[in-house]
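**Q** Below is a structure I'd like to ask you about.
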Amino acid sequence: MKIITEKLPKSLLSLQIELDKERLERGLDQAARRLSQKYPIHGFRPGKAPRFMIERTFGREALLEEASEDLINKAFRDALQQEKIEPVGPASLQGIDSPDPFTFTIHVPVQPTVDVGDYRAIRAPLEIDPVTDEQVERMMDVVRDRHVVLKELDDPRPAQDGDQLKVRLETVVDGEPLEPRPEGEETPEQTIDLVKGRLVDELYEGLIGANVGDTLEIAAQMPEDHGNEQVRGKDVSFKVEILGLQERLLPDWEDVPTLENFEGTLDELRAKTRADMETSARNAAERKVLDGYIEQLVAQTSYDFPDVMVHDLAHNLLHDQERQFSRYGITLDQMLQYRGQTHEEAIEALVPDAERQTKVTLALREIVRHEELNILQDEIEQEVDRLLLDYEEDQRPNVAQVLQSSQMINSVANSVLDRKLRERLIAIAIGTAPALGASAAEEPTLASDEDAEVQDGATETSTTAE
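The opening residue of the sequence shown carries number 2 in this note's numbering; numbering runs sequentially from there.
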């Protein structure tokens, strides 16, 4: 069997395969037996007619047509082994070039080529926002508010600071409601806490002293940094109907640690709250570093990958959406009907996201390889121990058995690898990464499920040219 390979763009490999005459004749003999079983030949029992009779009856072209699919698939599998080719998706037959010698061309998607360039030169600053005393006190107020008790008033009175109001509240911008409603439908009810700093200043001041049953219209100038872009920096009008009023009874500060099941004093709870906020601030800063680094990494990386990788991922993204909607009893067909899309149109709409994810994954995979980020067995065991802390003590033996099973061990290993990669990327981005090879592990990285599945179905091809 002769094989001529040619590298094509988008990580496609062209294989021109020519069968030797002996292999072709064996294939034609087998095809003749199949035809003689399918169609009766006068004077012969089914399957017993000699090949020359079959060829005389149906013609050599019909014999070749019957033999071609089996010949191509078997020769293709042998060619993959001979050339040590690992497909990453289904191959496509380009056509039969010649019936004699029997020659055909097939395109095979193979592992992509990725060049991340000087990825260690990329920088993204780590800027951690400081946690102020004011922010800590606001968070402590939130903690205290979790244990508020609402009390109906013994006697009617005007609203005062700290009350909770049940209202119908409509925000009007440029003469139009911010949230339009069908004609005749009432503004929905909602509750608001009459606490300074939680409401726009004008709204807070306008509600102080109001009574149940009052209808108010309160003008306000919205701040330039308001979270809603639609009202940012604009003059708005709040139309408020007060439906009910309850007094909010907050616990004494000294009781808050107990209510929070915290073993310590109020000052110790405040210190823990600050530490948690500082951890959150650092995590947010690190996420920003990672996002900035990855954006630059993808921009400078050169890629050559097969379209099938992107299309397969887009397909998976669509069916991830299907699983999410199924929780609410919505089928994929219903979802597509609502969107006015066919299945293929929905996949095509996800191609840009899939291409972006593919680029990120391939670039990060290259960094894992360059940085020699390997996983040791004791790191997996430590990760299992860490995960077990989320379970009650009596549940841990069963959970540990599940986590250490063959079905879950790759998932645990990947979580270890993800954390090591995150730490290394941040170190590279801020310029503190160790020299290459300085901390390489002794054991190989465990294969991920994705790596294991990428070969599935890649060694068969249809005889129809695409």
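Ideal Cβ placement from N, Cα and C applies to all residues, glycine included.
Note that this is a predicted model, so its numbers are computed, not measured.
Contact between the region 422–434 and the region 394–407: three or more CB pairs below 8 Å?
**A** Taking 8 Å as the limit for Cβ pairs, the verdict is that the region 394–407 does not touch the region 422–434.
**Q** Work out the CA separation of residue 57 and residue 46 for me, nearest whole Å.
**A** Taking the sequence shown and counting its residues from 1, one reaches residue 46 at position 45. Taking the sequence shown and counting its residues from 1, one reaches residue 57 at position 56. Near 17 Å, if we compare the C-alpha coordinates of residue 57 and residue 46.
**Q** Are the Cβ atoms of residue 223 and residue 234 separated by less than 8 Å?
**A** In the sequence shown, counting from the first residue as 1, residue 223 sits at position 222. In the sequence shown, counting from the first residue as 1, residue 234 sits at position 233. Yes, the pair counts as a contact, with Cβ atoms nearer than the cut-off.
**Q** Tell me whether residue 147 is buried or exposed, calling it buried when 16 or more other Cβ atoms sit within 10 Å of its Cβ.
**A** Translated into the one-based positions of the sequence shown, residue 147 becomes position 146. Exposed.
**Q** Report the rounded CA-to-CA distance for residue 446 versus residue 377, giving the unit in angstroms.
**A** Locating residue 446 in the sequence shown gives position 445, where the first residue counts as 1. Locating residue 377 in the sequence shown gives position 376, where the first residue counts as 1. Confidence at residue 446 is low in this model, with a pLDDT of 40, below 50, so the placement of that residue is unreliable and no value is reported for it.
**Q** Taking 8 Å as the cut-off, decide whether the C-beta atoms of residue 20 and residue 76 are in contact.
**A** Walking along the sequence shown from the start, residue 20 turns up at place 19. Walking along the sequence shown from the start, residue 76 turns up at place 75. Result yes, Cβ atoms of residue 20 and residue 76 sit closer than 8 Å.
**Q** According to DSSP, what are the bridge partners of residue 490?
**A** No information on residue 490 is available, as it lies outside the stretch 2 to 467 that the chain covers here.
**Q** What's the gap between the Cα of residue 108 and the Cα of residue 280?
**A** As a working mapping, residue 108 is identified with position 107 in the sequence shown. As a working mapping, residue 280 is identified with position 279 in the sequence shown. C-alpha separation (whole angstroms): 51 Å.
**Q** Confirm, please, whether the CB-CB distance from residue 249 to residue 141 is below 8 Å.
**A** Here residue 141 is taken as the residue at index 140 of the sequence shown, counted from 1. Here residue 249 is taken as the residue at index 248 of the sequence shown, counted from 1. No, they are not a contact pair.
**Q** Mind checking whether residue 422 and residue 374 have CB atoms under 8 Å apart?
**A** Locating residue 422 in the sequence shown gives position 421, where the first residue counts as 1. Locating residue 374 in the sequence shown gives position 373, where the first residue counts as 1. Yes, Cβ-Cβ distance for residue 422 and residue 374 is below 8 Å.
**Q** Considering only their Cβ atoms, is the gap separating residue 188 from residue 170 smaller than 8 Å?
**A** The residue labelled residue 170 in the question sits at position 169 within the sequence shown. The residue labelled residue 188 in the question sits at position 187 within the sequence shown. Yes.
**Q** If I follow the unbroken alpha helix (DSSP H) through residue 339, where does it start and stop?
**A** Position 338 of the sequence shown holds residue 339. Taken as a continuous stretch (DSSP letters only), the alpha helix (DSSP H) holding residue 339 covers 333–340.
**Q** Could you check which residue in 372, 369, 402 has the C-alpha nearest to that of residue 385?
**A** Locating residue 385 in the sequence shown gives position 384, counting from the first residue. Nearest option by C-alpha distance: 402.
**Q** Would residue 404 pass as a contact of residue 388 if the rule is Cβ separation under 8 Å?
**A** Within the sequence shown, numbered from 1, the residue matching residue 404 stands at position 403. Within the sequence shown, numbered from 1, the residue matching residue 388 stands at position 387. The answer is yes: Cβ separation under 8 Å.
**Q** Helix or strand or just coil, what does DSSP make of residue 42?
**A** If you number the sequence shown from 1, residue 42 lands on position 41. Three-state result, residue 42: coil.
**Q** Give, in chain order, every unbroken run of the alpha helix (DSSP H) that is at least 4 residues long and sits entirely within the region 113–153.
**A** Within the region 113–153, the complete alpha helix (DSSP H) runs of at least 4 residues are 134–146.
**Q** Could you check if residue 164 is buried or exposed, using at least 16 other CB atoms within 10 Å of its CB as the buried criterion?
**A** One-based indexing of the sequence shown puts residue 164 at position 163. Classification of residue 164: buried, given that the 10 Å Cβ count is 16 or more.
**Q** Would you mind listing the beta strand (DSSP E) stretches within the region 295–377 that are 3+ residues and don't spill past its ends, in chain order?
**A** If we require 3 residues or more, the beta strand (DSSP E) runs fully inside the region 295–377 come out as 303–305.
**Q** Would you check if there are 3 or more beta carbon pairs closer than 8 Å linking the region 243–258 to the region 78–94?
**A** Short answer: they don't touch.
**Q** Helix, strand or coil for residue 209 per DSSP?
**A** Residue 209 sits at position 208 when you count from the first residue of the sequence shown. It is coil, neither helix nor strand.
**Q** Buried or exposed for residue 413, please, with buried defined as at least 16 other CB atoms from any protein chain shown within 10 angstroms of its CB.
**A** Numbered from its first residue, the sequence shown carries residue 413 at position 412. Buried, by the Cβ-count rule.
**Q** Classify residue 120 as buried or exposed, calling it buried when 16 or more other Cβ atoms lie within 10 Å of its own Cβ.
**A** Looking up residue 120 in the sequence shown gives position 119. Flag for residue 120 reads buried.
**Q** Please report how far the alpha carbon of residue 114 lies from the alpha carbon of residue 355, in whole angstroms.
**A** As a working mapping, residue 114 is identified with position 113 in the sequence shown. As a working mapping, residue 355 is identified with position 354 in the sequence shown. Taking the straight line from one Cα to the other gives about 18 Å.
**Q** Return helix, strand or coil for residue 195, following the three-state DSSP convention.
**A** Stepping through the sequence shown from its first residue, residue 195 is reached at position 194. Of the three classes helix, strand and coil, the one that applies to residue 195 here is coil, per DSSP.
**Q** Have a look at the DSSP bridge pairing and note the partners of residue 238.
**A** Reading the sequence shown from its first residue, position 237 is the one you call residue 238. 173, 220, per the DSSP bridge assignment.
**Q** Using CA coordinates, which residue listed in 111, 231, 236, 246 is at the minimum distance from residue 161?
**A** Along the sequence shown, read from residue 1 onward, the residue named residue 161 stands at position 160. It is 246 whose Cα lies nearest to the Cα of residue 161.
**Q** Residue 295 and residue 361 look like a contact to me (Cβ under 8 Å); what is the Cβ gap, rounded to whole Å?
**A** Counting from one through the sequence shown, the residue named residue 295 turns up at place 294. Counting from one through the sequence shown, the residue named residue 361 turns up at place 360. That pair is a contact at about 6 Å.
**Q** Looking only at its chain, what residues have a beta carbon closer than 6 Å to the beta carbon of residue 336, apart from the 5 residues adjacent to it on each side?
**A** Counted from its first residue, the sequence shown places residue 336 at position 335. If we look at residue 336 and ignore the five residues flanking it on each side, its Cβ neighbours are 326.
**Q** Under 8 Å, do residue 243 and residue 144 count as touching if we go by C-beta distance?
**A** The count along the sequence shown starts at 1 and reaches residue 243 at position 242. The count along the sequence shown starts at 1 and reaches residue 144 at position 143. No. Outside cutoff.
**Q** At a cut of 8 Å, does the region 148–155 reach the region 299–314 through at least three beta carbon pairs?
**A** Contact fails: fewer than three Cβ-Cβ distances are below 8 Å.
**Q** Could you tell me if residue 28 is buried or exposed, where buried requires 16 or more neighbouring beta carbons within 10 angstroms of its beta carbon?
**A** On the sequence shown, position 27 is the one that residue 28 refers to. Label assigned to residue 28: buried.
**Q** If I measure Cβ to Cβ from residue 456 and keep anything under 6 Å in the same chain, skipping five residues before and after, which residues do I get?
**A** As a first step, residue 456 is located in the sequence shown; it is residue number 455 there, counting from the start. Caution is warranted here: a pLDDT of 32 is assigned to residue 456, below 50, making its placement in the model unreliable, and no coordinate value can be reported.
**Q** State yes or no: is the C-beta of residue 195 within less than 8 Å of the C-beta of residue 205?
**A** Position 194 of the sequence shown holds residue 195. Position 204 of the sequence shown holds residue 205. Cβ distance < 8 Å, so residue 195 and residue 205 count as in contact.
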